[in-house]
Amino acid sequence: MLLQIGRNKGADARPPDALDELAACHARIRSFTQLAARLADGSDASPQALAEAAASVARYYAVALPKHAEDEDRSLAPALRSATLPDDVLAAIDVMRVEHDELDAIVAAAMPAWNALASDPSSWPDHAGLLRECARTLGLFWDRHLGLEERVIFPAARKLLDTTALEKLGREMRARRQPTVGIAQTTRGG
Ligand SMILES: [Fe+2]
Ligand SMILES: [Fe+2]
Numbered sequence: 420m421l422l423q424i425g426r427n428k429g430a431d432a433r434p435p436d437a438l439d440e441l442a443a444c445h446a447r448i449r450s451f452t453q454l455a456a457r458l459a460d461g462s463d464a465s466p467q468a469l470a471e472a473a474a475s476v477a478r479y480y481a482v483a484l485p486k487h488a489e490d491e492d493r494s495l496a497p498a499l500r501s502a503t504l505p506d507d508v509l510a511a512i513d514v515m516r517v518e519h520d521e522l523d524a525i526v527a528a529a530m531p532a533w534n535a536l537a538s539d540p541s542s543w544p545d546h547a548g549l550l551r552e553c554a555r556t557l558g559l560f561w562d563r564h565l566g567l568e569e570r571v572i573f574p575a576a577r578k579l580l581d582t583t584a585l586e587k588l589g590r591e592m593r594a595r596r597q598p599t600v601g602i603a604q605t606t607r608g609g
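Start counting the sequence shown at 420; every next residue gets the next number (the working numbering).
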């Protein structure tokens with residue numbers, strides 16, 4: 420059972436805040452990563468289903484996920500660093516930043532296969548090996564990365580960030596998701 424973060428006992432008494440939205444981002448990450456795994460095992464899926472799933476995964480990883488990493492590196496981490504942090508939280512923030520760069524490399528390896536499948540689902544056999552390897556790598560990465568954030572960083576944020584800091588965090592997250600003029604926003608950020 421994966422850890423449910425951001426909402427704890429009694430949390431229903433307050434409206435959702437930025438930490439709840441970060442937790443919701445993690446749920447979406449897990450959902451799209453599961454879809455990537457099904458894509459890798461998709462020999463029985465219809466061509467249309469394969470193409471739609473591949474396009475969906477590619478769009479999520481290209482458009483939405485980077486906003487979540489920015490939320491953490493450019494908003495959450497600075498907010499936390501303004502407090503006096505225990506060593507384990509400081510170390511976890513450093514690891515988080517480095518792992519976001521590792522993630523870029525994993526996604527860059529998978530993206531050509533997702534895009535190829537989105538435009539030509541009949542090419543699935545050509546990409547199946549890479550899709551499986553990338554899905555496996557992503558699964559292992561997220562187990563480690565989300566686990567650290569949910570065990571160490573998010574609980575520290577819940578403990579240390581006051582209402583003003585959480586509202587600022589929320590404003591910065593929403594600003595990253597403002598539609599760009601002239602470009603359709605088709606995927607919710609994070
Ligand atoms: Fe992260
Ligand atoms: Fe995260």
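Beta carbons: idealized from backbone N, C-alpha and C, even for Gly.
Just so it is clear, the structure is predicted and the values come from calculations on it, not from any experiment.
### Task
For residue 546, verify whether its CB is less than 7 Å away from any heavy atom of ligand 1.
no
#### Entry: Supposed contact pair residue 594 and residue 459 - C-beta distance, whole angstroms, cut 8 Å
About 35 Å; that fails the 8 Å criterion.
### Query
Are three or more beta carbon pairs between the region 446 to 461 and the region 552 to 564 nearer than 8 Å?
yes
### Query
Can you give the Cα-Cα distance for residue 495 and residue 474, rounded to whole angstroms?
30 Å
### Contact belief for residue 448 with residue 512 at Cβ below 8 Å, rounded distance in angstroms
That belief does not hold up - the Cβ atoms of residue 448 and residue 512 are roughly 18 Å apart, past 8 Å.
### Query
Comparing the CB of residue 565 with every heavy atom of ligand 2, is any distance shorter than 7 Å?
yes
### Query
Thinking C-beta only, is residue 441 closer than 8 Å to residue 577?
no
### Message
Measuring only from the beta carbon, is residue 568 closer than 7 Å to any heavy atom that is part of ligand 3?
### Response
With respect to ligand 3, the structure offers nothing, as its ligand set consists of ligand 1 and ligand 2.
### Query
residue 626 and residue 477: beta carbons closer than 8 Å?
Because residue 626 is not part of the residues shown, which for the chain are 420 to 609, the question remains open.
#### Entry: residue 433: first and last residue of the uninterrupted alpha helix (DSSP H) it sits in
Segment: none, residue 433 is in no alpha helix (DSSP H) and carries neither H nor E.
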